[in-house]
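Enquirer: With the working numbering applied, the sequence shown has no gaps in its numbers, which climb one by one up to 707 at the end.
We put the beta carbon where it would ideally sit given N, CA and C, even for glycine.
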Amino acid sequence: MKLKDVLLDKLEILKEVSPIKGIVQVGIRESIVERYNDWGVESCLLVDTDPKLSKKIERAYKHLGWNTVNVTVASTANERSFFLANNPKESGLVDIKALSKYWRNLKVAHIKSVQTETLENLLDSIEVTANWLCIDCFPAMEIIEGLGSKLNRFDVITARVIIDDAKDAPLGATKKECIESLTPHGFVCIAIEDETNPNIATLVFNRKFNEKAEDMEESLISNDVYQTLDAKLKSSEERVTELSNIESKLETQVASLESLNEKLRNECLSIEKKLMAAESNLIAENDSSNNLTKEKEQLITALNIAKAEIEPLKAQLSETHKVIDASAIEVNSLTTSNDELQKVVARLTSEKGELQSTLNQSISEQDKHQAMIVSLESSVAELNDDKKGLTEQINALAEENNGLSSQKESLESTIKQLTETNELLNKQNQTLTNLVDGQSKLFQSLENNLSHKITTGLNNSVKQIESYIGVQNYLENGTVGLDYHGWPISSDIALFLLNKVETNNYDLVIEFGSGTSTMLFAQAMKNLTNRSENDFKRISVDAENSQYLASHQDLPKKVVTFEHNKKYFDKTSKSLVNSNFDDVVELVHAPLVDYKVGEKNYLYYSCESMLQQIKQIFNGRTAKILILIDGPPATTGPLARFPAIPMILNNLANHQLDIVLDDYNRQEEKEIVDGWKKIFEERFITYEEEVVNCEKGAFFCRLNS
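1) Would you please state the rounded distance, in angstroms, between the beta carbons of Leu663 and Ala700? I believe it to be under 8 Å.
2) Out of Leu121, Asp50 and Asp170, which one is the CA nearest neighbour of Asp97?
3) Can you give me the C-alpha to C-alpha distance between Asn293 and Ser359, rounded to a whole angstrom?
4) So, with DSSP's three-state summary, where would you put Arg533?
5) Write down every uninterrupted run of the alpha helix (DSSP H) in the stretch 568-640 whose length is 4 residues or greater and which is fully enclosed by it, in chain order.
6) Which residues does DSSP pair with Val72 in a beta bridge?
7) Taking its Cβ as the centre, do 16 or more other Cβ atoms sit within 10 Å of Leu705, making it buried, or is it exposed?
8) Rounded to whole angstroms, what's the CA-CA distance from Ser581 to Lys528? Just pull it up for me.
9) What are the uninterrupted segments assigned as beta strand (DSSP E) that are 3 or more residues long and contained completely in the stretch 489-532, given in chain order?
10) Quick one, are the C-beta atoms of Leu184 and Ile145 less than 8 Å apart?
11) Check whether the stretch 560-570 and the stretch 580-598 touch, using three or more Cβ-Cβ pairs below 8 Å as the test.
12) Between which two residues does the alpha helix (DSSP H) harbouring Phe682 extend?
13) According to DSSP, Cys180 sits in a beta bridge with which residue or residues?
14) Looking only at its own chain, which residues have a Cβ that is under 6 Å from the Cβ of Leu16, when we skip the five neighbours before and after it?
15) Tell me, please, which residues DSSP counts as bridged to Asn696.
16) Give the straight-line distance between the Cα atoms of Ile128 and Arg155, rounded to the nearest whole angstrom.
17) Using the C-alpha atoms, what's the distance from Thr423 back to Glu411?
18) Tell me the DSSP bridge mates of Thr204?
19) Tell me whether the beta-carbon of Ile165 lies closer than 8 Å to the beta-carbon of Ala203.
20) Could you pull out every residue in the same chain whose Cβ sits closer than 6 Å to the Cβ of Val511, ignoring the five residues on either side in sequence?
21) How many Å lie between Leu222 and Val35 at the Cα?
22) Whole angstroms is fine: what's the gap from Leu13's alpha carbon to Asn667's?
23) What number of angstroms, rounded off, separates the C-alpha of Trp105 from the C-alpha of Lys602?
24) How big is the Cα-Cα spacing for Ala500 and Ile650?
25) Pick from Ile59, Ala383, Ser77 and Pro186: whose alpha carbon is nearest that of Asn710?
26) Would DSSP call Phe644 helix, strand or coil?
27) Excluding the five sequence neighbours on either side, which residues of its own chain have a C-beta within less than 6 Å of the C-beta of Gly677, listed in chain order?
28) Looking at the structure shown, is Val438 part of a helix, part of a strand, or coil, going by DSSP?
29) Leaving out five residues on either side along the sequence, give the residues of the same chain with a beta carbon under 8 Å from the beta carbon of Lys178.
30) Quick one: Cα of Lys568 to Cα of Leu86, how far?
31) Exposed or buried, Gln117, counting other C-beta atoms within 10 Å across all chains shown (16 or more means buried)?
32) Which term fits Ser93, buried or exposed, when burial requires 16 or more other beta carbons within 10 angstroms of its beta carbon?
33) Given a threshold of 16 other Cβ atoms within 10 Å of its Cβ, counted over all protein chains shown, does Lys539 qualify as buried or as exposed?
34) Can you give me the start and stop residues for the alpha helix (DSSP H) that Ile25 sits inside?
35) Whole angstroms is fine: what's the gap from Cys139's alpha carbon to Leu66's?
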């Protein structure tokens, strides 16, 4: 766990004692801002000197109504020098030269002139409700002085300070100055959280802390927060299940409505096709009716023509009858002469015959015309019947057409209603989706908080168990047990290393970074030495240069440990002396120095001379060496532990090397191992590898087996 995470966890407990109304953050870190968002902080003023970071944070959290300001704050508003360092986090108003004693490689990249502003003026210009002030830059005390009378509005203040109270320490940036300045205003320093740099820490102040101590203790002991979160979690799960069921029902209804909608569409299309066919038939029948009407009109016209032809024949017949009557009268009256009479009779008989023939012909033609008239009248009657039937069909089709039109309108109305219903369902579905997403986010947030609290509780339980075991060891053996929790190696990797030592009979253990593992190696190698039948001799020492002479004998000490931090060096050295292990372990204070591998520069232990001594001691034979790489910390630079293998191979490449890299769960350690494998392949070195499943992860490989 990162130190910043530890600090934020403590602040999360503190906010139960002093609830957050709003936060003013000077010096922005993205992880800190994300935690504020998780806490649901409503009012926040974020202040930083980096314009790019300020714009990025402003875009990301503008929707929350937070204010982000790119300005340099100090005790007064005037023009100041701003020092840009090669480590951007340490850039600020403090001269880099004054900080170089705490960071060996910290250098000035650029100096620029800036216009400073006070927090008091900034709070006057920006309306923000805040009772927490968090300062993550130097000099904290100068920034606090710039608050003026507005200091009284804050209940909680965190300040990044320098622990060193030396006279040459940067003014306004030390722990002593902050405590002396804030104490008269009712603030109590309730926590000091160290950073990886032992000279730097963050102070946590709370106003009237003593009055709230009992309440905070009850809050820490009480399980009410956990129970409340658990109840909310269960309620959220039930609500999510209920919403999922509703969503399933709505999806079923939508599918059913869509199926019905499709069916109605198909029926509508079928009806439209029938209607078009009916209209086509109706048009065809209308055309047929028109043809019959024309044919009837032609027949009537022919009938009228026949009647017109019969009338002259009737008139001619009537005239013939008149002539016959006149002839008979003439025959009866004319009796003058028989010859003339006979001639007249013969003539008349002849004319009568001709007329009779003409009459018979006219009667025959009349009968034909009459039959034709009867036939035409019959045809006209049939046409009238057909026309009546067609008219009835047309009327039926028209009624059917009207019905289809009404049905079509009804279907269109239904389709429109279904479309509106579908749109409404889509909106409801989207609303439901948004609600489910919101519940999911709430559930995730609750789950994260619950997981965090459970992890914290478990860590505390493990710590208590380890402490109990330590007390038991002290009561039984007079020694306090080793601490495996926190920064030291975990107990699972410790057991893995002990098994390796017990089963492989190593000639030497080399360790980069001291701590719990150093004590374990010392005990294990001492046990092996005590069990061995060989009489191990000390190598003589050259009094002139205090260097071990090359020999085929074993080393005078079986464990060589490199430690760059003087604080931890002294702590480990004291533990070795108290445990009588100083004759087994060669603890070397090896400050970090520049080391170049290829074209890249690193900071690594100054251990070259010791490795060369070991090379001379084992010259001419093959040794079995166990190497644990657990340092330096990742904060010293990218791929901080990579130089270990190039250094080892430059001096001990001919020996059997068992290499263990701790913290392999981190991505940076995986990249380091990839780089080592490339070196093995380039040098044609055979190796066996194993990934060890443990709390922090570990990588094991054996060279030249």
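Expert: This is what the structure holds:
1) Indeed they touch by this definition, with Cβ atoms about 7 Å apart.
2) Comparing Cα positions, the closest option is Asp170.
3) Linking Asn293 to Ser359 through their CA atoms gives a straight-line distance of about 41 Å.
4) Three-state DSSP puts Arg533 in a helix.
5) Whole alpha helix (DSSP H) segments, 4+ residues: 568-580 and 610-619.
6) The question names Val, but residue 72 is Asn in the sequence shown. For Asn72, which the question treats as bridged, DSSP gives the partners Asp50.
7) It is buried - the Cβ of Leu705 has at least 16 other Cβ atoms within 10 Å.
8) Rounded to the nearest whole angstrom, the C-alpha separation of Ser581 and Lys528 is 12 Å.
9) With a minimum length of 3 residues, the continuous beta strand (DSSP E) runs that stay inside the stretch 489-532 are 510-514.
10) In this structure, Leu184 lies away from Ile145, with their beta-carbon atoms at least 8 Å apart.
11) In short, these stretches touch, since the Cβ pair count reaches three.
12) For Phe682, the enclosing alpha helix (DSSP H) begins and ends at Gln669 to Glu684.
13) The partner list for Cys180 (beta bridge, DSSP) is empty, contrary to what the question assumes.
14) Counting only residues of its own chain and dropping the five nearest sequence neighbours on each side, Leu16 has no CB closer than 6 Å to any other CB.
15) Here the sequence assigns Cys to residue 696, which means Asn is not the residue at that position. Bridge pairing for Cys696: absent [DSSP].
16) Arg155 has its alpha-carbon roughly 15 Å from the corresponding atom of Ile128.
17) Going by the C-alpha atoms only, they are around 18 Å apart.
18) BP columns for Thr204 point to Arg162 and Glu195.
19) Taking a C-beta distance under 8 Å as the contact criterion, Ile165 and Ala203 qualify as a contact pair.
20) Spatial neighbours of Val511 in its own chain (CB-CB distance under 6 Å, excluding positions within 5 residues in sequence) are listed in chain order as Phe523, Val561 and Leu628.
21) The predicted position of Leu222 is uncertain, since its pLDDT is 46 and thus under 50; no value can be drawn from it.
22) When rounded, the distance between both Cα atoms is 27 Å.
23) As the crow flies, the alpha-carbon of Trp105 is around 20 Å from that of Lys602.
24) The residue asked about is misnamed: residue 500 is Leu in this sequence, not Ala. One C-alpha to the other measures close to 22 Å.
25) Past the edges of the chain, shown from 3 to 707, lies residue 710, and the structure says nothing about it.
26) Here Phe644 sits in coil by DSSP.
27) Here the set comprises Phe644.
28) In the three-state reduction of the DSSP assignment, Val438 falls in the helix class, which pools H, G and I.
29) Excluding sequence neighbours, Lys178 sits near Asp167.
30) Approximately 28 Å, taken between the alpha carbons.
31) Result: exposed.
32) Label assigned to Ser93: buried.
33) Annotation note: pLDDT 40 at Lys539 (below 50); position unreliable, coordinate value reported separately. Exposed: under 16 other Cβ atoms inside 10 Å.
34) Under the DSSP assignment, Ile25 falls outside any alpha helix (DSSP H), being part of the beta strand (DSSP E) whose first and last residues are Ile25 to Val28.
35) Each residue's alpha carbon lies about 25 Å from the other.
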